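Protein chains in written order, with our numbering: chain A, 1 to 525; chain B, 1001 to 1298; chain C, 2001 to 2321. For every residue, glycine included, the Cβ atom is placed at its ideal position computed from N, Cα and C. Treat the numbers as computed from the prediction; the structure is a model and nothing was measured. Single-structure report; data block below.
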Amino acid sequence: MKKKLVALLTAGCLLGSILGTSVSVSAAEYTRANPEAVVVGVMADPENMGPWSGMSLGRIAVLFTTYEYMITREDGQAYGVLAKNWTEVDKQTYDVELYDYIHDAAGNPLTASDIVFSFETAIATKNYGKLSPVESVTAVDDYNVQFKFNKELEMGEFENIMLECAIVTQAAYEASADQMATTPVGTTAYKVDSYVPGSEIVFTNTGDYWQTDESLVHGTSLHNADKIIFQIITDPSQHTNAISTHTVDISNGVPATDIDKFREGGEFAEGNIVSAVLDNPTYDLEYNMSDASVFQDDLNLRLAIAHAIDREGINLGVFNGEGMAVKDFGNSKYPDYNPEWDNEEYFDYDVDKAKEYLAQSNYDGSTLRLEYITDSNMDMIAQLIQAYLGQIGVTVELVPYDQMMGQQEQYNKDGFDILLKTTGSTDFIVNQWKLCWDARDYRDMTGGTANFVVDEKLDELMQACLNTETYGPESIEAFHDYLMEQCYGYGVVQGPVNIVHSAYITDVALDMRNQILPGGCTYAE
Amino acid sequence: MADKAIAAAGPDVRARRKKEGQFTLVMKRLSKNKVAMAGLVIILLLFLAALLAPVIMPYGYEEMDMLNRFAPPSLKHLCGTDEMGRDIFSRLLYGARASLELGFLATIFSTAVGMLIGSIVGYFGGIVDTTVMRLVDILQAIPGVLLAIAISACLGSGFFNTILALSIGGIPMTVRLLRGSIMGVRKMEYLEAAQTINCSVPRLIMKHILPNSISPIIVSVTMGIGNTILMAASLSYIGLGVQPPTPEWGAMLSGARTYMRDYPHMVLFPGLAIALVVLSLNMLGDGLRDALDPKLKQ
Amino acid sequence: MWKYVVKRLLWMIPVLLGISVVIFTIMYFCPGDPAMAILGNGATPAAIEAKRIEMGLDQPYLVRLLSYLNQVFLHFDLGDSYFQNQSVLSGILYRMPYTLIIAALCMLLQIFIGTPLGITAATHQNGFADRACMIIALAGVSIPGFWLAMMLVLFFSVKLGWLPPYGVGGIQYFILPCIANAFAGIASQARQTRSSMLEVIRSDYIVTARAKGLSERDILYKHALPNALIPIITVVGNGMGMMLGGTVVIESVFSIPGIGMYTTNAINNRDYPIVMGGVLFLGAVFSLIMLLVDIIYAYVDPRIKAQYEGQQKRKRRSKNG
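Structure (structure tokens):
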């Protein structure tokens, strides 16, 4: 009988929680999840914290707390971290000077030979395609390293190479039993105290950070927190629960629909703050330009579809209006973005115009396949696009894939007509363009650009943008205009990154991938 | 040829008559069980709703109204609208097709395959039995959910792939169930009698063994359909299974989970729909079990 | 009996071999490329090809299968994960306790709540208690676990603040996941108990016992329950098997690093060694549990024990003859 009562009570409680109204939050100005540490909610487990394993959602969240790189980047500007300065000897040779007082979190001094070791080991893993231009790394003396490259470096390429390889001391790496998978030792102020795979990583400040000149400590190396706990929370709505119950102090995983609860007047507004920024990557549409698709010789169809999609509507529907409709194949945050593009017409939503283009096209009423890698945002964007295209009489079939299949299928010309995907770069807009339009990177697989475009003029313009000699407003403008004119693909919308945090974090620091830098945040008291 | 057909028709007709007798008996017992009948009626109504969905849907299932998102239940939208302003009631009606089809087809597929294997194994016994049962052991030892996840990751999302992913895990259970009951009836006298009059093996299985071991299967099918629908919901929680914009209850339910705090109607109605099907199938299944089992007769 | 146990244990070897082949084959035909996953989205085709060769993914099916089987069954090595510089075995051993704790707690809930519910229902057939139990049981089988889990979190963690909403740690972390996960099990346990109790209660010997004037309590616990145990144990055993792999959704909701999540993530990443190791491990545990269930059968029901021994004797005889 008792058990029955309990069960009935539970059922009643459940009903209550559905129908229930607001909850009162404690009146304190802010609450800390843990009096000794800042607790960060992250979406995924790094699984392997070693310096040179592949990239994953879980890894990028803890990368800069664990390791330092030769340089860092803030607002598109590169600053030395381990590197005191660097000089271009010629297009294929760079000299880098290190600070002569670096040591890692375990106390091992770091010298030029460790840089050589780090780069050589990283390259040997074959995990980093971006390191492929590196021909050799040699130690000139204890604190000078020379990099030789097998080609002339292009825009931002040297910086990207420096930012690709985490640096550790050979001594610490060889002392680790598991190649630092669970016990990483970098040169940051933090070292891993404990790691519960799939659940929690605790970093503590060693109190012995090597860079004592504070004017030289940049955002990624700051160490304002004494102790950082990363908690892995795999379910998005649990991020909301975690913040609202003060189990974590800061999270970037709260679903867009829950953000308003933490804002002024919301259910959990008290003691919490929302810091929103726009995310780097943009959602783009790329047409399949191979001979297997209707788009190859049909500019009108490409234009018809571009004009039929309300990018502002997608922003509103998917991101609650907190993202932004973009005006290029990339967003406006890049330093080389031309602000004038904001005022230009960029495939503006116009159903009549779209219908006109469609009438001039060779579209025969066949169903077009829209391929994308599924997640909740992508699902919604794809369904909206499907609805928008339905308005002008184009039928669309959705072809969603998981991450793994999607990566493979995007180069299968028979698999899709339109590809919806995200691309983004951490430095220049030209490097985002490169991710689709640099045919040199994709020719082996597609015969042209990532979406099968074979167009010499496009290639020329692309390469002009990437070459350091010709890079500049002119080449950028030329590429932008030509891509718009040809409409091989275009940018749709950029999403927001919503950081929800306790009021005791007064200022949130993010790295170039918009991941939270707990060490760089500012804390009350 | 013709002679054979006529000769065969004799016992056939008789068997049918006998089966009809059994059938009416079971139905009579079943019809006395009010709970089971309620289950049956609900299932039939749901089928009708699914069948008539295109006619009775008040809105198109993919008809979006971005100005009217998350609308609470009202006369205009009986179950409210979802995150894209689509009418949830219409989506539930249309989704009944996918969900019921998924549940029924996957269960029936796995049961059919399981029955085929189970009856062969159960009848022949010996080396066939040992070999096949080891294979069944292998399949059964792989956790069903993981198997489904692996298969649907491999096949990709899509309606029929999901059916396949959901059904394979269910095969071993049917095989075991049927094998068990066939083993039970194998030694019975009427089979020996049938064998002495030179009844062919497939015939023996079809006409004599199956009907006598079918009742646990029927029960497990009715319950299995519910489980399959729930499993489909779990699959879509992990991001696999039937994909948008086709409405499917499990996908609707798991897709709405981030909104459940503010817009409980979005999870309430798909959840209720699933619960309703599972519940009525179980009510029916319980009733069938009682009706089919003479021992349980009161 | 011992002979039987040893024989069953030996049978596990071909079963495990079979599991390896099945799961290897599924993963082999799985589209998606681990090399691509390691390199990330921006990787060039040339880089991916180089990585594939390094990982041995360019080898044909049979070569890879045989080398895997050789490694697992002759060298007892489940291999290393593609992504974590860690052996699969240590990953499994690390995560196993979480899965086992949840599975065991759920089993306990299932047995100690489900069985009494079922008995109550059976003894009060068609009464209020029966109806109430069956409503709970039907609710249990009709509610998706993740939905229940979220409701529990919203109420007990967010609203009341009694229990942590996710994560691992002390026993308090396991309460919500276990309730959410066990609900369906409790329900099926209650139903199974009810129907097998009903069957027994109506049988002749219970009627005889009643006629002898034994107390209702004695009849129930000394005569009826032991005879109803077999199907109940079957449900427990099956439930345990289901639980082992089936906790993945609950693990995902509550961010519990169990084997289910470990394997599911690996399926998504195409981290083949983990997928195969995880499934193989769960398969082994499942087979052991099934063996345990059969042994318990024998203890509970002397008839079955006699059958095993009888079979063996008969076989021996036929061999000799």
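Using DSSP's beta-bridge definition, name the partner residues of Ala325/A.
Note: Ala325/A sits in a beta bridge opposite Val493/A.
Provide the residue span of the beta strand (DSSP E) that contains Glu88/A, from first to last.
Residues 83-90.
Between Ser1254/B and Phe2146/C, which are expected to be in contact by the criterion C-beta below 8 Å, what is the C-beta distance as a whole number of angstroms?
That pair is a contact at about 7 Å.
Determine which residues of the region 1142-1175 of chain B have a Cβ less than 7 Å from any Cβ of chain C, and write them out in chain order.
In summary, the residues of the region 1142-1175 of chain B whose CB is separated from some CB of chain C by less than 7 Å are Ile1142, Pro1143, Gly1144, Val1145, Leu1146, Ile1149, Ala1150, Ile1151, Ala1153, Cys1154, in the order they occur in the chain.
Residue nearest to Thr282/A in terms of C-alpha spacing, selected from Asn34/A, Arg513/A, Ala37/A
Nearest C-alpha to Thr282/A among Asn34/A, Arg513/A, Ala37/A: Arg513/A.
Members of the region 401-434 of chain A near chain C, C-beta cut-off 7 Å:
Shown in chain order are the members of the region 401-434 of chain A whose Cβ falls below 7 Å from a Cβ of chain C: Asp402, Gln403, Met404, Met405, Gln407, Gln408.
Could you compute how far the alpha carbon of Tyr2297/C sits from the alpha carbon of Asp2218/C?
For Tyr2297/C and Asp2218/C, the distance between alpha carbons rounds to 22 Å.
Would Thr536/A count as contacting chain C if we go by Cβ distances under 9 Å?
Lying outside 1 to 525, the shown extent of chain A, residue 536/A is not represented and no answer is given.
Quick check: is the beta carbon of Pro2177/C nearer than 9 Å to any beta carbon in chain A?
No, because no Cβ of chain A sits closer than 9 Å to the Cβ of Pro2177/C.
Listing by chain order, which chain B residues have their CB less than 7 Å from the CB of Leu562/A?
Look at the range of chain A in this structure, 1 to 525, and you will see that residue 562/A is not part of it.
I need the straight-line Cα distance from Ala27/A to Glu270/A, nearest angstrom please.
Reliability fails at Ala27/A, whose pLDDT of 38 lies under 50, so the model's placement of it is uncertain and the value that follows must be treated cautiously. Between Ala27/A and Glu270/A, the alpha-carbon positions lie close to 8 Å from each other.
Per-residue contacts from Arg1257/B into chain C (C-beta, under 8 Å)
The answer, in chain order, is Phe2146, Trp2147, Met2150.
Counting contacts by CB-CB distance shorter than 9 Å, is Ser237/A in contact with chain B?
Under the 9 Å criterion on CB atoms, Ser237/A is classed as interfacial with respect to chain B.
For the candidate residues Glu460/A, Val42/A, Lys130/A, Glu154/A, whose alpha-carbon lies nearest to that of Pro88/A?
The amino acid occupying residue 88/A in the given sequence is Glu; Pro does not appear at that position. Selected option, being the one with the closest Cα: Glu154/A.
What separation, rounded to the nearest whole angstrom, lies between the Cα atoms of Met43/A and Gln515/A?
If I take the Cα positions, the gap works out to 11 Å.
Let me check understanding here. Comparing Cα to Cα, which of Leu517/A, Ala503/A, Asn127/A, Pro518/A lies closest to His246/A?
The option with the nearest alpha carbon to His246/A is Ala503/A.
I need the DSSP call for Val1121/B, collapsed to helix, strand or coil.
Three-state DSSP puts Val1121/B in a helix.
In this structure, how does DSSP classify Ile2267/C when only helix, strand and coil are distinguished?
Helix at Ile2267/C.
Check the C-beta distance from Asn252/A over to Ile418/A and give it rounded, since I have them as a contact under 8 Å.
By a beta-carbon distance limit of 8 Å, Asn252/A does not contact Ile418/A. Their separation comes to about 30 Å.
Beta-carbon separation (whole angstroms), Trp52/A vs Asn127/A, contact threshold 8 Å
Contact flag correct, Cβ pair sits at about 6 Å.
Which residue comes first and which comes last in the alpha helix (DSSP H) that contains Glu68/A?
In the DSSP assignment, Glu68/A falls outside any alpha helix (DSSP H), carrying neither H nor E.
How would you label Gly1285/B, buried or exposed, when you count the other beta carbons within 10 angstroms and need 16 or more for buried?
If you draw a 10 Å sphere on the C-beta of Gly1285/B, you find 16 or more other C-beta atoms in it, and that means buried.
Going along chain C, which residues have a C-beta under 8 Å from Ala1275/B?
The answer, in chain order, is Ala2139, Ser2142, Ile2143.
Can you name, in chain order, every residue of its own chain whose Cβ lies under 6 Å from the Cβ of Gly1080/B, other than the five neighbours on each side?
Within the same chain, Gly1080/B has close Cβ partners Ala1071, Pro1072, Pro1073, Ile1088, His1265.
According to a CB-to-CB cut-off of less than 8 Å, which residues of the region 186-210 of chain A neighbour chain E?
Among the chains of the structure shown, chain E does not appear; the protein chains present are A, B and C.
Could you list which residues in chain A have their beta carbon closer than 7 Å to that of Gly1095/B, in chain order?
Per Cβ cutoff of 7 Å: no residues; Gly1095/B is ~15 Å from chain A at best.
Taking all protein chains shown into account, do 16 or more other C-beta atoms lie within 10 angstroms of the C-beta of Pro1058/B, making it buried, or fewer, making it exposed?
By the beta-carbon neighbour count (other beta carbons within 10 angstroms, threshold 16), Pro1058/B is exposed.
Once the 5 residues before and after Glu528/A are set aside, which same chain residues still bring their CB inside 8 Å of it?
Because chain A spans 1 through 525 in this model, residue 528/A falls outside it and cannot be assessed.
Of the residues Tyr1263/B, Gly1226/B, Arg1203/B, the one placed nearest Ile1120/B, counting alpha carbons only
Relative to Ile1120/B, the option among Tyr1263/B, Gly1226/B, Arg1203/B whose CA is nearest is Arg1203/B.
Interface partners of Val1278/B on chain C, CB under 9 Å
Counting only Cβ-Cβ distances below 9 Å, Val1278/B has contacts in chain C at Leu2138, Val2141, Ser2142, Ile2143, in chain order.
Which residues of chain B have a Cβ atom closer than 8 Å to the Cβ of Ile2092/C, listed in chain order?
One finds nothing in chain B with a Cβ atom closer than 8 Å to the Cβ of Ile2092/C; even the nearest lies about 13 Å away.
Ile2111/C to Val2236/C, Cα distance in whole Å?
Straight-line Cα distance between these residues: approximately 8 Å.
In three-state DSSP terms, what is Gln2084/C?
Shown here, Gln2084/C sits in coil according to DSSP, grouped into three states, outside any helix or strand.
Spell out a yes or no on whether the region 1093-1105 of chain B and the region 1049-1065 of chain B are touching, meaning 3 or more CB-CB pairs, one atom from each, closer than 8 Å.
Yes, since at least three Cβ pairs between the region 1093-1105 of chain B and the region 1049-1065 of chain B fall closer than 8 Å, the two stretches touch.
According to DSSP, is Gln1140/B part of a helix, a strand, or is it coil?
Residue state, collapsed to three classes: helix.
Against chain C: residues of the region 1226-1243 of chain B by CB proximity under 7 Å:
Within the region 1226-1243 of chain B, Gly1226, Leu1230, Ala1233, Ser1234, Tyr1237, Ile1238 place their CB atoms closer than 7 Å to a CB of chain C, listed in sequence order.
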